[in-house]
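Heads up: the sequence shown is residues 1 to 174, going by this note's numbering.
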Amino acid sequence: MNFRDFYNEDNTPQTNNFETEDNEFQWQIDSLSTEAQRTLFYKSSTTTNNLWIFYGSVGSVDSENLFGFMLAVPYINEDILKDTYTLATGLYCDHRHSINKGGLKGWRVIPAGDATLSIKLDPVQGTVEGEFEATFTKTKPDDTLEQIRPKGTFNLKRDDLKAKQYFEALPDTV
1 MNFRDFYNED
11 NTPQTNNFET
21 EDNEFQWQID
31 SLSTEAQRTL
41 FYKSSTTTNN
51 LWIFYGSVGS
61 VDSENLFGFM
71 LAVPYINEDI
81 LKDTYTLATG
91 LYCDHRHSIN
101 KGGLKGWRVI
111 PAGDATLSIK
121 LDPVQGTVEG
131 EFEATFTKTK
141 PDDTLEQIRP
151 KGTFNLKRDD
161 LKAKQYFEAL
171 PDTV
């Protein structure tokens, strides 16, 4: 099983600075439906390949109940994008959940074994609608493997545009 673990080395409380506001990101696993408490949608500029990032989660690392999903597709240009992606055609998809190792709080990132995402993205308006499904293999607390197969939807507004629009609306100051 492929995964990466990340730890909050000094257990410093994490800032919770990306509440959902009017964004929607939900998923269903078996018969359990979940609405994200936190979401993100932005154009990544921290990698050599520009990506559109979509994220939704509940819980937190501090409370040891983080559970969420991140999806990403290649940035092409500022035109409206309506397409379906798979792992073979440029989609990245992972699942994140809390872990605790010897009192050290952290989270595990598990890449999808299979995933599909259909989106309609308008970069200029800063909106995206998406529908996804994926398969992940994760380790249960008793060290047995289990597969989860979430199906979800999201309707998000760009976080990087919200910040830009906020600062552009401020009056010039000396």
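Just so you know, even glycine gets a beta-carbon here, dropped at the ideal spot from N, CA and C. These numbers were taken from a predicted model, which means no experiment stands behind them.
In the DSSP assignment, G152 is bridged to W27 and F132.
Note that the C-beta distance between V61 and T34 is not below 8 Å.
Between the beta-carbon of G152 and that of W52 there is about 16 Å, and that puts the pair past the 8 Å contact cut. Straight-line spacing of the CA atoms in A115 and F154 works out to 15 Å. Around the C-beta of A36, 16 or more other C-beta atoms lie within 10 Å, and the residue is accordingly described as buried. In the three-state reduction of the DSSP assignment, L51 falls in the strand class, which pools E and B.
Relative to the Cα of V109, the nearest Cα in the group A72, T127, C93 and K82 belongs to C93.
Residue pairing from DSSP places N100 in a beta bridge opposite K105.
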